[in-house]
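S.K.: Below are the structure tokens for one structure; questions will follow.
Numbering (my numbering), first residue to last: 717 to 823.
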């Protein structure tokens, strides 16, 4: 995920690469997220999620995956510790990496 983006009216956490989402919206006039009913009439209704992009930039390159969820307007991001990195007796437990307040305007 290089340019995390979603529709201006979307409320889900899931983001798509901007160019891919803009191409989808130009052809289908809707969000590709199953269950999202946000109106996306044109590709210019796609906006980049700069807070998510900044948060993802803090993830070390050695990490293959992170978990994201929104709780009360805050984005929680946790590292996915894969079983290949954990020993055989260790459970793969996500560790909270950062919480980003998405309710604040970027200036």
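Every residue gets a Cβ at the ideal spot worked out from N, C-alpha and C, and that includes glycine.
1) Give the DSSP-derived three-state secondary structure of residue 721 in the structure shown.
2) Residue 723: which of 761, 740, 769, 770 sits nearest, CA to CA?
3) With a Cβ-Cβ cutoff of 8 Å, do residue 791 and residue 767 count as a contact?
4) Quick one: what does DSSP say residue 741 is sitting in, helix, strand or coil?
5) Helix, strand or coil: which one does DSSP assign to residue 727?
6) In its own chain, which residues sit with a C-beta less than 6 Å from the C-beta of residue 748, not counting the 5 before and 5 after it?
7) Identify whether residue 784 lies in helix, strand or coil by the three-state DSSP scheme.
M.R.: A quick look at the data gives this:
1) strand
2) 761
3) yes
4) helix
5) coil
6) 740
7) strand
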